[in-house]
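Per the numbering used here, numbering of the sequence shown is gapless, rising by one per residue and ending at 271.
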Amino acid sequence: MTEPLLQVSNLAAAYGRRRVLHGIDLEISRGEWFSLLGPNGSGKSTLLRCISGQVTPTAGTVQIGGASLILAPRDAKRLLGYAHAPERLPGLLTGQQCLEIYAAARDLPAIDPEVLDLAERFRLSPFLDQFVDTYSLGTRQKLSALLALLGSPALIVLDEAFNGLDPASSLVLKHHLQERIGSGRCAVLLATHALDTVLNYSSRAGLLLDGGLARTWNRVELDSMRTGNPGALEVALAEAATPS
């Protein structure tokens, strides 16, 4: 058995006295697209921030490629591509400068040709010499995705990455991620509310509820819902989120 690319064990996190996550166990391997579902405030973004090293867990461990995010952060983060929230991109830099700085931070000699090609398919290239604070939400989302893909990371972590994207750009990004996953180059972890993306692209999906991973679905289960009862996942999520 190949060691999972991402291993999260008994993870807990809190902001002050407010517990946000508890007892999270999650493994994702190369070639997988795992979609994380859950109502607003369930802890999805906090989990992604723990995995990216932005939030320090109060308990548990995160390993990427066998490297501990706490004990060997440089080795772990070397394998990680994280798409920052659009509002957190540096507004006083141009898109081109952002790409160059991120590439340098990853010790790349230049911006990946593959990333520049994706910028062309996004129709983003004409905007790269403009300042980020002039960008629309969708344009920022495109840049954030490009930054996450620099250096061909093994684990790509996305938080609502398709929000604000036009349909054509959304499809381009989904197909691009599928190509990387299909060749075994990476795994994708996506937090999303978009059930069509979950059903059509995910290998597995999980429901985060009240800070815990309440249940998961494999590809067979997702395919069954997609072809036999497209509304089943939506109903399952609504029922799970309804207080008993």
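Ideal Cβ placement from N, Cα and C applies to all residues, glycine included.
- If you look at Arg207, you'll find it in the alpha helix (DSSP H) that goes 194 to 209.
- Ile208 is a Cβ neighbour of Gly58, given a cutoff of 8 Å.
- Restricting attention to Leu185, Ser179, Gly65, the CA atom closest to the CA of Leu222 is found in Gly65.
- The beta carbons of Ser36 and Asp52 sit about 6 Å from each other, so the pair counts as a contact at 8 Å.
- Within the model, the alpha-carbon separation for Leu75 versus Leu96 is close to 13 Å.
- With a 10 Å radius around the Cβ and a threshold of 16 neighbouring Cβ atoms, Leu192 comes out buried.
- The continuous beta strand (DSSP E) containing Glu54 extends over residues 45 to 55.
- Closest in C-alpha terms to Trp60, from the list Thr254, Ser196, Ala181, Ala267, comes Ala181.
- DSSP places Thr166 inside the alpha helix (DSSP H), whose first and last residues are 164 to 176.
- Between Pro100 and Leu38, the gap from beta carbon to beta carbon reaches 8 Å or more.
- Per DSSP, the unbroken beta strand (DSSP E) holding Asn37 starts and ends at 33 to 42.
- Taking a 10 Å sphere around the C-beta of Ile128, we find fewer than 16 other C-beta atoms and assign the residue as exposed.
- In the DSSP assignment, Arg242 forms a beta bridge with Leu234.
- Glu141 and Glu266 have their C-alpha atoms spaced approximately 42 Å apart.
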